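Residue numbers (the working numbering): 19 to 809. First the structure, in the form of structure tokens, and then the observations on it.
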């Protein structure tokens, strides 16, 4: 509900409406989602679809309708790709609305929550720690510490006071302020900067980039090889000059069929579409787990993740902190101050009122001590991840609450034993102290401790099973927190983190020392934002693929550095905006399933790609050999129907959707071609053996050569399918057996009528059986030797 504000009434409804009419509204930039038209056109008018369409037109011109099965397959692949991508688009759009950034704006003396694209010039809106700054605005009241690294490249936060401008694209590290909108939409600084920089970003998907390389090579060679196949077949019929083409009748038609057979077989028509289909399916699956995918191909990165770094708050724990007690300082080595319980509660209550902290710690303090203005504040220092404390100046003194090490600095050793005793029990310990001086950035001078405030953090019930899932998937866990390392270690141990006792505090450690000890520990405490990033990049240099889970401003640098960044929906705007994935229910328990989903997509696409590329590679090799030996390409398009449909298309879809939790390793292209090369070479050798046999057995007809060749190729392809399906399970066995039975049925029952096969003579049958037996033996040998070669 809207609530009345005492600070400035803001714009009236009439003024807002007028600014809408004048176009002075913060219109959101065009969505990075593909439009419906773009999805349809990209799928329908691909380069290879256009080639297939041209071949279809040529076959129609000679009324060779039986050879046009490939059109049906291409249309089915295209339709499935369009439907699934549209479904994924709709899902992402719906989920995006759930995590839509909102702004807290003052209008007609009321505070309202509105979408950021409805902000208008001169609107008064509130900014606080964790907020992404969405318009260029001037501070009207309050003080902010802002990170402008996205704009300036400088990592050091900047203090912004009344009258200073804050720019879109930066984010608030700490503080609270009311700001007045000055520029909107394309007039914002970040939009002007983006307009000047027109560099093209690198593709985010290694797999997609690999596939584009393959398709580019095929796209270059397919047309010249097709044309040469046509000319070879045509001239072998006794015609050798262009005017004869359309007068030649049957020779022209036969040459056209052979060209179409070669070119259709070279096109891995469903591979790219299957990739789109698989990624879209992944988006839909994740949406059912309340996960918003903001970067589609980040799902691929998940397949390589072998380490997850996370803070304890909101992941291992549910973030519902509560104050469990207040303890007096027990030390003889440092001056302490005494306050009665009532005075202490009044000071902290007044601090809560002045600071207006909305983080879990601030909310716990407000619930226990209250949030009322017993004393008027003169100056405030909001909590920041760098300082790890907040402070307020009253007429009678300056008071701070925060991490004991950071508040007392060099004098911390005097109370360290007492603090660590509570920390070992899992308590989060804050120090309440009185300081001598305060600035916009820190307290200074003499600091006198007053009391320790103890907080409890509730461990999620699902934490143990979640971490166990990670362990069984081969994913290491690192806990990186701003809290005391002993407190974090206790929580981590209760949650079931392996090696949780290996904990260290990074307070006062140099970067060099951190890098030296990082691999020895599981739990890191008192970590600053820059140190979180340092740890992430260090693990990456060691060859690890790192996912970072975070929710606060202190996680942003680490989130940006990680291979895959995952934010909680209830976290800061800035963390959500820069992350690849957002957990809409802020439930960490869905993380193992997210990683499994990424592994499934890439592992299965690697196997499915083998099916498509074996056909492409063997066809290219066979076409080149046929051209060099002046032989005619043996197959027509219709004869590839069985392989295309029952051994490639249907099995590849089943493979793509099958669960697969194996950690993806190696290079996508190299992994694929290790399996493609043996199958492709054996198929070519089979066909060359048929041609060699025909030379010594003149009575064998061209029809028999084609029949033996296509059956031998189909059998070899079945072995490829078996190869990529190993180890076999029930589903894979059913797929292979179905493919084999359907292929046999097509060749035995329908072969002569539909696939232009001919009855085989005894020598041809013996040759076929010999080829099948030798293929079975040589497949494993060829694969083993070529794996050694590629290693």
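Beta carbons are placed, not taken as given, at the ideal position from N, Cα and C, and that holds for glycine. Note that the structure is a prediction, hence the values are computed from the model and not measured.
Here's the rule: buried if 16 or more other CB atoms are within 10 angstroms of the residue's CB, otherwise exposed. What is residue i?
{"i": "residue 103", "result": "buried"}
{"i": "residue 743", "result": "buried"}
{"i": "residue 235", "result": "exposed"}
{"i": "residue 469", "result": "buried"}
{"i": "residue 685", "result": "exposed"}
{"i": "residue 423", "result": "buried"}
{"i": "residue 220", "result": "Unreliable positioning characterises residue 220 in this predicted model, as indicated by a pLDDT of 40, which lies under 50. A coordinate reading is not provided."}
{"i": "residue 232", "result": "buried"}
{"i": "residue 819", "result": "The structure shown does not extend to residue 819, since the chain spans only 19 to 809, so no value can be given for it."}
{"i": "residue 784", "result": "exposed"}
{"i": "residue 383", "result": "buried"}
{"i": "residue 441", "result": "buried"}
{"i": "residue 752", "result": "exposed"}
{"i": "residue 708", "result": "buried"}
{"i": "residue 791", "result": "exposed"}
{"i": "residue 486", "result": "exposed"}
{"i": "residue 725", "result": "buried"}
{"i": "residue 534", "result": "exposed"}
{"i": "residue 838", "result": "Limits of the chain in this structure are 19 at one end and 809 at the other, which puts residue 838 out of reach."}
Measuring only the C-alpha atoms, how far is residue i from residue j?
{"i": "residue 789", "j": "residue 782", "result": "10 Å"}
{"i": "residue 132", "j": "residue 336", "result": "28 Å"}
{"i": "residue 587", "j": "residue 306", "result": "15 Å"}
{"i": "residue 260", "j": "residue 237", "result": "Here residue 260 scores only 49 on pLDDT, less than 50, and its place in the model should not be relied on; the value that follows carries that caveat. In a straight line, the C-alpha of residue 260 is about 25 Å away from that of residue 237."}
{"i": "residue 646", "j": "residue 251", "result": "13 Å"}
{"i": "residue 195", "j": "residue 151", "result": "12 Å"}
{"i": "residue 374", "j": "residue 380", "result": "8 Å"}
{"i": "residue 717", "j": "residue 698", "result": "28 Å"}
{"i": "residue 393", "j": "residue 387", "result": "14 Å"}
{"i": "residue 484", "j": "residue 606", "result": "8 Å"}
{"i": "residue 786", "j": "residue 278", "result": "26 Å"}
{"i": "residue 395", "j": "residue 409", "result": "10 Å"}
{"i": "residue 166", "j": "residue 348", "result": "42 Å"}
{"i": "residue 567", "j": "residue 315", "result": "18 Å"}
{"i": "residue 181", "j": "residue 96", "result": "57 Å"}
{"i": "residue 591", "j": "residue 578", "result": "14 Å"}
{"i": "residue 463", "j": "residue 417", "result": "12 Å"}
{"i": "residue 345", "j": "residue 147", "result": "29 Å"}
{"i": "residue 101", "j": "residue 760", "result": "28 Å"}
Counting along the chain, where does the alpha helix (DSSP H) carrying residue i start and finish?
{"i": "residue 56", "result": "54-62"}
{"i": "residue 75", "result": "65-79"}
{"i": "residue 771", "result": "769-772"}
{"i": "residue 625", "result": "609-646"}
{"i": "residue 397", "result": "Here residue 397 belongs to no alpha helix (DSSP H); instead the beta strand (DSSP E) covers 395-399."}
{"i": "residue 192", "result": "That residue, residue 192, is in no alpha helix (DSSP H); its beta strand (DSSP E) goes 189-201."}
{"i": "residue 709", "result": "686-714"}
{"i": "residue 282", "result": "268-284"}
{"i": "residue 224", "result": "224-253"}
In the DSSP assignment, find the beta strand (DSSP E) that holds residue i and state where it starts and stops.
{"i": "residue 125", "result": "120-125"}
{"i": "residue 418", "result": "415-420"}
{"i": "residue 432", "result": "Here residue 432 belongs to no beta strand (DSSP E), and DSSP marks it neither H nor E."}
{"i": "residue 409", "result": "407-412"}
Between residue i and chain D, is the shortest Cβ-Cβ distance under 9 Å, so that the two count as touching?
{"i": "residue 796", "result": "In summary, chain D is missing from the structure at hand, where a single protein chain is found."}
The ligand ADP heavy atoms versus the CB of residue i: any closer than 8 Å?
{"i": "residue 532", "result": "Of the ligands one can find in the structure shown there are none, so the ligand ADP has no counterpart to examine."}
query = With contact counted as at least three CB pairs below 8 Å, one residue from each stretch, are the region 354-365 and the region 587-600 in contact?
reply = The answer is no - the region 587-600 does not touch the region 354-365, with fewer than three Cβ pairs under 8 Å.
request  = Note down, one range per segment and in chain order, each beta strand (DSSP E) of at least 3 residues found wholly within the region 129-175.
outcome  = Whole beta strand (DSSP E) segments, 3+ residues: 142-146 and 154-165.
query = Using 8 Å as the Cβ pair cut-off and three pairs as the minimum, do the region 664-679 and the region 624-632 touch?
reply = The region 664-679 is in contact with the region 624-632.
message = Ignoring anything shorter than 4 residues, give me the alpha helix (DSSP H) runs that lie fully in the region 303-384, in order along the chain.
response = When DSSP assignments are scanned along the region 303-384, the uninterrupted stretches of alpha helix (DSSP H) that are 4 or more residues long and fall wholly within it turn out to be 316-320 and 359-373.
ask   = Looking at C-beta atoms only, is the number of pairs between the region 765-774 and the region 736-751 that lie closer than 8 Å three or more?
value = Contact annotation: the region 765-774 does not touch the region 736-751, with fewer than three C-beta pairs closer than 8 Å.
message = Quick test of the definition: if touching needs 3 or more C-beta pairs under 8 Å, does the region 544-555 touch the region 526-534?
response = Taking 8 Å as the limit for Cβ pairs, the verdict is that the region 526-534 does touch the region 544-555.
query = Would you say the region 314-329 touches the region 564-584, given that touching needs at least three Cβ pairs under 8 Å?
reply = Under the 8 Å Cβ criterion, the region 314-329 counts as touching the region 564-584, having at least three qualifying pairs.
inquiry  = Under 8 Å: do the region 327-335 and the region 462-478 share three or more Cβ pairs, one atom per stretch?
reply    = Contact holds: three or more Cβ-Cβ distances are below 8 Å.
inquiry  = Report the start-end ranges of each alpha helix (DSSP H) in the region 520-586 that is 4 residues or longer and not cut off at the edges.
reply    = Taking 4 residues as the shortest admissible run, the region 520-586 contains the following complete alpha helix (DSSP H) segments, listed from N- to C-terminal end: 529-535, 547-559 and 574-579.
task = Inspect the CB distances between the region 422-440 and the region 476-492 and report whether three or more fall short of 8 Å.
result = Three or more beta-carbon pairs separated by less than 8 Å are not found between the region 422-440 and the region 476-492, which leaves the two stretches without contact.
Contact between the region 176-192 and the region 65-84 (3+ Cβ pairs under 8 Å) = Judged by pairs of C-beta atoms under 8 Å, the region 176-192 does not touch the region 65-84, as fewer than three such pairs exist.
ask   = Is there contact here, the region 390-399 with the region 454-468, by at least three beta-carbon pairs under 8 Å?
value = Judged by Cβ distances under 8 Å, the region 390-399 makes contact with the region 454-468, as three or more pairs qualify.
message = With a threshold of 8 Å, are at least 3 pairs of Cβ atoms found where one atom belongs to the region 719-728 and the other to the region 673-693?
response = Touching, no.
key: Entirely enclosed beta strand (DSSP E) segments - the region 438-507, minimum 3 residues   = Positions of the beta strand (DSSP E) runs, each at least 3 residues long and wholly inside the region 438-507, are given as 446-456, 461-474 and 494-498 in order along the chain.
task = Assess, as a yes-or-no matter, whether the region 56-76 is touched by the region 279-299 under the definition of 3 or more beta carbon pairs within less than 8 Å.
result = These segments touch.
request  = Pair every Cβ in the region 442-455 with every Cβ in the region 499-508, then say whether three or more of these pairs are closer than 8 Å.
outcome  = Counting C-beta pairs closer than 8 Å gives three or more between the region 442-455 and the region 499-508, which meets the contact rule.
Stretch-stretch touch, CB-based, cutoff 8 Å, three pairs: the region 514-522 with the region 554-565 = Short answer: they don't touch.
Length at least 3, wholly inside the region 719-798: the beta strand (DSSP E) runs in chain order = For the region 719-798, not one full-length beta strand (DSSP E) segment reaches 3 residues or more.
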